[in-house]
Every structure is written in structure tokens, then in C-alpha cells.
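Below is one structure, written out as C-alpha cells, with a few remarks after it.
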Ligand code: HEM
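Numbering (our numbering), first residue to last: 177 to 447.
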């Protein structure tokens, strides 16, 4: 189609419209920003999305001749696994974006996020909970001591026994968590997790600093998200520590790029 004497690729623009509408519904933001739409970058991005989500399903002989599945005829299974990984990465990006959109909507760019904003940032809280679940800073809590004979999980525990609670084991137990090794903050949305989420212990000897700890993390992480784009220096490494002992977390090196909207705010902090 031509507008005036300029050709317009309607397929591209309608595909872009569809993707933007979908991601605005899911993550409250366009997947391609206005300034990128129509540029080479925007076009490459849309092509990438089409490849991930609109692949015409190839006719798969294995569906009709099941024995061929044994040898993964046509490498269909292998390519589907790769495709799913790419989709997961894209959707993970949307989740990361969700925390930023929440902060932009609730706090904006005129002032820095502070204590009074935290109650309006439930998704940020979910991100922190999910991090505490997967990488519990005190994986075995503190040693406890039984003050009298008792039975725990069917085991007789005599008075005076030192007891360790495997909080990290509980936080990654597939019997109580769906996809326990995945970073899915939305699992904390709108619900109380009860006794299966205990990063601060539970009961009378639970951490008295829990509130203060969570507020401090919320402020630090919230401000980082409000003011900076973070880009990894080296190839993608997962922050999530391995679920099997020995537990090791690799340092994540990032470049902090000030966000355009936050430049004025940040300029107040020079010197
Ligand atoms: C993210 C930050 C924090 C985490 C993950 C954390 C975690 C814990 C855990 C797991 C326990 C043992 C609970 C149990 O064994 O049942 C504990 C105890 C304790 N925490 Fe924290 N804590 C944090 C921040 C703080 C802060 C900021 C303070 C003080 C201002 C604090 C003070 C204490 C004290 C005094 C105890 C011992 C309580 C007792 O034995 O009765 N914690 N913490």
C-alpha cells in the first residue's frame, strides 16, 4: 500500500500492532517503543517475535507414525525445546519489565521512590519474595533446641536436641512448589504462602528484623529499577544458585545505564 508516494508495509505494522496490544495487556507496555517502530531495530524485533510465536506448525510425521518419535525424526522435538527456551526468555523479560512498569506508574520520575511508596508496589514485593525463596540468605535458619520431648514429622525428638530447619530445601521442594527452580515472582501474587515460605523463620524465635530487612531491600532494589537499565557485561549467567549442594552463587557483573527519565533526578546527587 502507498500513502502519498511512500510505500507502507501493512503486514509489518499490523503484526506490530498485534504484538504491542498483547504485551500491553500482559505487561502494561509496548514490546516495540514508538521511536523504534518502523526502524531496522523495530523490524528485526518483530521478525524475532514472529519466529518465536507465529511459527506455522510444520506437518510432523511423528504425529502419524509414532514410532518415529524414538529417533526424533525431523528433529522436531529438539527444535521445539529450543523454541520453548527462547519463548521463556522473552516472557521472563516481560516479567522483569512488570516491576519497572509498576514503579513508573505508582512513583513516576519526579521524585525518588521512598518508604511511603512501598505499599503500592506489590509486584516488587513478589520479586523480593521469589529471590528470598530461591536464594535464602539463611538456608538452615539458626539452630533450635527442643525444650521438651516432641514428635516432628513422625520422628521422636528427645528434649535437648539441636534442630536444624532446611528452609532452602523447603523453598525448592517440588512437592510444595510448582516448577521450584524457576524464577516466577507472580507465584506470590495475592496469596499467603504459610509455612512453606520461611526465609525469616517462623514463630517466637523468627527474625525480629524481617520488616526492616524487607524494607531495606525494597528501597535499594526499587531505586535501582527506577533509575537504571542494567546490562550484563558477559554472556547471560543466571543469578539463581544451583539447587544442589554445594550452593554457589556466581557474581553478576552489570553496567548501570541511567534511564533517560531519571537523569534529572540523578543529577541532584552529583558531587
Ligand atoms: C533479609 C534480611 C534478613 C534475613 C533473611 C534474616 C533471616 C533471619 C533468620 C532465618 C533468623 C533465624 C530464625 C529462626 O531460626 O527461626 C534470624 C534471626 C534473627 N535476626 Fe534476622 N534476618 C534479616 C535481617 C535482620 C535484621 C535487619 C535484623 C536486625 C535489625 C535481624 C535480627 C535478627 C535477630 C536478633 C535474630 C535472632 C532472633 C532470636 O533468636 O530470637 N535480622 N534472621
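Glycine included, each C-beta is placed from N, C-alpha and C at the ideal position.
Being a predicted model, the structure only gives us computed values, none of them experimental.
According to the DSSP assignment, residue 331 belongs to no alpha helix (DSSP H) but to the beta strand (DSSP E) extending over 331-333. Residue pairing for residue 321: DSSP places it in a beta bridge opposite 338. Here residue 432 is exposed: its Cβ has fewer than 16 other Cβ atoms, across all protein chains shown, within 10 Å. Taking residue 343 as reference, the option from 337, 352, 336 and 335 with the minimal CA-CA separation is 352. Non-local beta-carbon contacts of residue 398 in its own chain, meaning distances under 7 Å to residues more than five positions away in sequence, involve 279, 289, 297 and 300 in chain order. The secondary-structure analysis by DSSP pairs residue 404 across a beta bridge with 434. In the DSSP annotation of this structure, the continuous segment of the beta strand (DSSP E) that includes residue 327 starts and ends at 326-328. Residue nearest to residue 435 within the set 428, 215 and 402 is 402 (criterion: CA-CA distance). Rounded to the nearest angstrom, the gap between the Cα atoms of residue 205 and residue 277 is 7 Å. Within the DSSP secondary-structure output, residue 263 pairs in no beta bridge.
Ranked by Cα distance from residue 275, the options 186, 211 and 304 are led by 304.
For residue 184, the closest of 211, 207 and 215 by C-alpha to C-alpha distance is 215. Ranked by how close their Cα comes to the Cα of residue 404, the residues 388, 430 and 390 have 430 in first place.
Taking 7 Å as the cut-off, the C-beta of residue 303 does not count as close to any heavy atom of the ligand HEM. Rounded to the nearest angstrom, the Cβ distance from residue 346 to residue 374 is 7 Å, consistent with a contact under 8 Å. Remark: the shortest separation between the CB of residue 376 and any heavy atom of the ligand HEM falls under 7 Å.
At a Cβ-Cβ threshold of 8 Å, residue 207 and residue 194 do not count as neighbours.
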